[in-house]
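J.:
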Amino acid sequence: MKPFEYARARSASDAVGRFGPGAMYLGGGTNLVDLMRLGVAGPDRLVDVSRLPLDTIAPVGDRLRIGAAVRNSDLAADPYVRTRYPMLARAVLTGASGQVRNMATTAGNLLQRTRCPYFQDVTRPCNKREPGTGCPAIEGDHTNLAVLGASDACVATHPSDMAVALAALDAEVHVTGASGDRIIPMPGLHRLPGDEPERDTVLDPGMLITAVELPPPPPGASLYRKVRERASFAFALVSIAAVLDVRGDGVVAGCRIALGGVAHAPWRAERAERALIGGPATGEAYLRAAEAELEQARPLPRNAFKLPLARNLIVRTLEELTP
Ligand SMILES: Cc1cc2nc3c(=O)[nH]c(=O)nc-3n(C[C@H](O)[C@H](O)[C@H](O)COP(=O)(O)OP(=O)(O)OC[C@H]3O[C@@H](n4cnc5c(N)ncnc54)[C@H](O)[C@@H]3O)c2cc1C
Ligand code: SF4
1 MKPFEYARAR SASDAVGRFG PGAMYLGGGT NLVDLMRLGV AGPDRLVDVS
51 RLPLDTIAPV GDRLRIGAAV RNSDLAADPY VRTRYPMLAR AVLTGASGQV
101 RNMATTAGNL LQRTRCPYFQ DVTRPCNKRE PGTGCPAIEG DHTNLAVLGA
151 SDACVATHPS DMAVALAALD AEVHVTGASG DRIIPMPGLH RLPGDEPERD
201 TVLDPGMLIT AVELPPPPPG ASLYRKVRER ASFAFALVSI AAVLDVRGDG
251 VVAGCRIALG GVAHAPWRAE RAERALIGGP ATGEAYLRAA EAELEQARPL
301 PRNAFKLPLA RNLIVRTLEE LTP
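Shown next, in the form of structure tokens:
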């Protein structure tokens, strides 16, 4: 591993002040340190932000503020989160293992990098790691990669389960940096690859996530479902965070659907939502909405299986949420 300086920040402004060329923030280190060992990341300086006083979960009026340094285990176990945002607690619990969740932070989880096998292998070219070198995944192993919103430059998927639930909950990500504070509505934190796959998010270098804020939970029932190759310690092939509000007369009053494992960012299924709201809460309508969303998919030969998987997951989850 390349030698690096280590500095522990005392406050958010101290962290921003200590950031400079070649620096990276360190959360729990469960992704970044792995990437440093693999030679994928090689910071000159680590600014440790895992012990900043940003480790509380607190209601602010009718909203909930989750500090960037809150550990994934504490978030999933928080009684307020479990009762008011059970979909979020569920999403976090489907990720990684108990040991990893004890270390991993809210901000680090959102900013973890893709698990595309070529990105993690420094002996192979990869546009995300080294812009302009090519994307071997398109002709090679893309089984677990994107079917929506990908580009000729990159077909990677974003791995976070938490981010999918936050996208469905209309969460806001609070950031600070040398040029001031910013609030980024989810799913707008993560970007599609386009011709700049090296940029995972809209954050500029040195911007520090300080918190995630949740509006009051939307009306209706909610669920997070994750399909994966084995029951634990596996990233999503496809996942869904869904909220469905059905009126007494069987009409859909509100609906939110976010998909994971299908794109470079959590994918808010806006076409499906629009197709459903104001219509009947029936299996047939759910199927039509899923198909309307997935019409825009561009699968590769070895990941076309994700389309029926996503379609069935949307339909089954909405059926389960129907009163
Ligand atoms: C075996 C294994 C299985 C896993 N399975 C899953 C899974 O199924 N689902 C899932 O969602 N996750 C999974 N994970 C990922 C795990 O959840 C992430 O590694 C973890 O959430 C990253 O959090 P961290 O605090 O350790 O981040 P770090 O590794 O410390 O940092 C990650 C990135 O975030 C940046 N960063 C950290 N904090 C801040 C901040 N405050 N502001 C700006 N930038 C910051 C760092 O610079 C770095 O780029 C798995 C991990 C492992 C090791
Ligand atoms: S899909 Fe993206 S991350 Fe994977 S090899 Fe291609 S450019 Fe690299």
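Residue numbers are given in my numbering: position 82 of the sequence shown equals residue 82, and the series is strictly consecutive. We put the CB at the ideal spot given by N, CA and C, even for glycine.
1) Cα-Cα, which of Pro216, Asp55 and Gly108 is closest to Gly61?
2) What does a CB cutoff of less than 8 Å around Val40 pick up in its chain, not counting 5 residues either side in sequence?
3) Three-state secondary structure (DSSP) at Leu93?
4) Going by alpha carbons, who is nearest to Ala290 out of Pro299, Ala275 and Pro301?
5) State yes or no: is the C-beta of Pro187 within less than 8 Å of the C-beta of Ala91?
6) Just list the residues that DSSP pairs Asp245 with in beta bridges.
7) Ligand 2 and Leu145: does any heavy atom of the ligand fall closer than 7 Å to the residue's C-beta?
8) DSSP on Ser73, reduced to helix/strand/coil?
9) Applying the criterion that 16 or more other CB atoms from any shown protein chain within 10 Å of the CB defines a buried residue, is Tyr6 buried or exposed?
10) Val379: beta carbon under 7 Å from a heavy atom of ligand 1?
11) May I ask which residues mark the beginning and end of the beta strand (DSSP E) holding Pro185?
12) Asp285 to Asn109, Cα distance in whole Å?
13) Give the secondary structure of Val173 by DSSP, where H, G and I count as helix, E and B as strand, and everything else as coil.
14) Assuming Glu320 is part of the alpha helix (DSSP H), what are its boundary residues?
15) My assumption, with CB atoms under 8 Å, is that Leu166 sits in contact with Thr157. Please give the rounded CB distance.
16) Considering just the uninterrupted stretch of the alpha helix (DSSP H) at Gly17, what are its terminal residues?
17) Have a look at Ala258 and Pro323 and give me their C-alpha separation to the nearest angstrom.
18) Cutting at 6 Å between CB atoms, please list the residues of its own chain near Arg101, excluding the five before and the five after it.
19) Looking at the strands, I want to know which residues DSSP matches up with Tyr25.
20) When you compare only the Cα positions, how much space is there between Pro86 and Met103?
21) From Ala107 to Val315, what distance separates their C-alpha atoms?
22) Please work out which residues of its chain come closer than 6 Å, Cβ to Cβ, to Trp338, disregarding the five sequence neighbours upstream and downstream, and give them in chain order.
23) List the whole-angstrom C-beta distance separating Cys255 from Val238, where the pair is believed to meet the contact cut-off of C-beta under 8 Å.
T.: The short version:
1) It is Pro216 whose Cα lies nearest to the Cα of Gly61.
2) Hits under 8 Å: Arg113, Phe119, Gln120, Val122 and Arg129.
3) Leu93: helix per DSSP, three-state reduction.
4) The alpha carbon of Ala290 has as its nearest neighbour, out of Pro299, Ala275 and Pro301, the alpha carbon of Ala275.
5) Their beta carbons are not under 8 Å apart, which means Pro187 does not touch Ala91 by this criterion.
6) Note: Asp245 sits in a beta bridge opposite Gly254.
7) For ligand 2, at least one heavy atom lies less than 7 Å from the Cβ of Leu145.
8) Note: Ser73 maps to helix in three-state DSSP.
9) Of the other Cβ atoms in all chains shown, fewer than 16 fall within 10 Å of the Cβ of Tyr6; this residue is therefore exposed.
10) The shown model of the chain, from 1 to 323, leaves out residue 379, and the question about it has no answer.
11) Per DSSP, Pro185 is one residue of the beta strand (DSSP E) stretching across Gly180 to Pro185.
12) It should be noted that the sequence gives Ala, not Asp, for residue 285. When only Cα atoms are considered, Ala285 and Asn109 end up about 34 Å apart.
13) Correct three-state label for Val173: strand.
14) Here the alpha helix (DSSP H) through Glu320 covers Lys306 to Leu321.
15) Not quite, the Cβ-Cβ distance comes to about 16 Å (not below 8 Å), so this is no contact.
16) Ala12 to Arg18 is the span of the alpha helix (DSSP H), which, as asked, contains Gly17.
17) Ala258 and Pro323: Cα-Cα distance of roughly 20 Å.
18) Counting only Cβ-Cβ distances below 6 Å, and skipping sequence neighbours, we find Asn72 and Ser73.
19) Beta-bridge pairing links Tyr25 to Val47.
20) In a straight line, the C-alpha of Pro86 is about 21 Å away from that of Met103.
21) Taking the straight line from one Cα to the other gives about 31 Å.
22) It is not possible to answer for residue 338, since the shown part of the chain is limited to 1 through 323.
23) Actually they are not in contact, since the Cβ atoms of Cys255 and Val238 sit about 18 Å apart, beyond 8 Å.
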